[in-house]
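Worksheet for the structure shown next.
Numbering (my numbering), first residue to last: 1 to 84.
Okay, structure coming up:
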């Protein structure tokens, strides 16, 4: 996230007792740096993401299912349901 939006949000935080939920389009939603800055400040946020993005649980662990011998080898998967 560029410094100017961060400064603007910090200024807003100084004026309010608490920062409301921050909402942004997918331009910021695809920026890991942006999300990290918001999390470092403890601000709640909702970001739009591109349709190809996949949400996984914070504790999800990638694993490779055993090859069953039919068709191409399986791709790596994540232990746990998608989107939770």
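Beta carbons are placed, not taken as given, at the ideal position from N, Cα and C, and that holds for glycine.
Limits of the beta strand (DSSP E) - the one that residue 61 falls within: Walking along the chain shown from the start, residue 61 turns up at place 61. From DSSP, the beta strand (DSSP E) with residue 61 extends over 61 to 63.
Between the alpha carbons of residue 20 and residue 56, how many angstroms are there, rounded? For the purposes of this step, residue 20 is identified with residue 20 of the chain shown, where counting begins at 1. For the purposes of this step, residue 56 is identified with residue 56 of the chain shown, where counting begins at 1. Taking the straight line joining both Cα atoms gives about 25 Å.
Spatial neighbours of residue 22 within its chain, please: C-beta separation below 8 Å, excluding the five flanking residues on both sides. Sequence index remark: in the chain shown, residue 22 carries index 22 (1-based). Closer than 8 Å at Cβ, skipping near neighbours: 9, 38, 43, 44, 45 and 46.
Along the chain, where does the beta strand (DSSP E) that runs through residue 23 open and close? Residue 23 sits at position 23 when you count from the first residue of the chain shown. Segment 22 to 24, the beta strand (DSSP E) holding residue 23.
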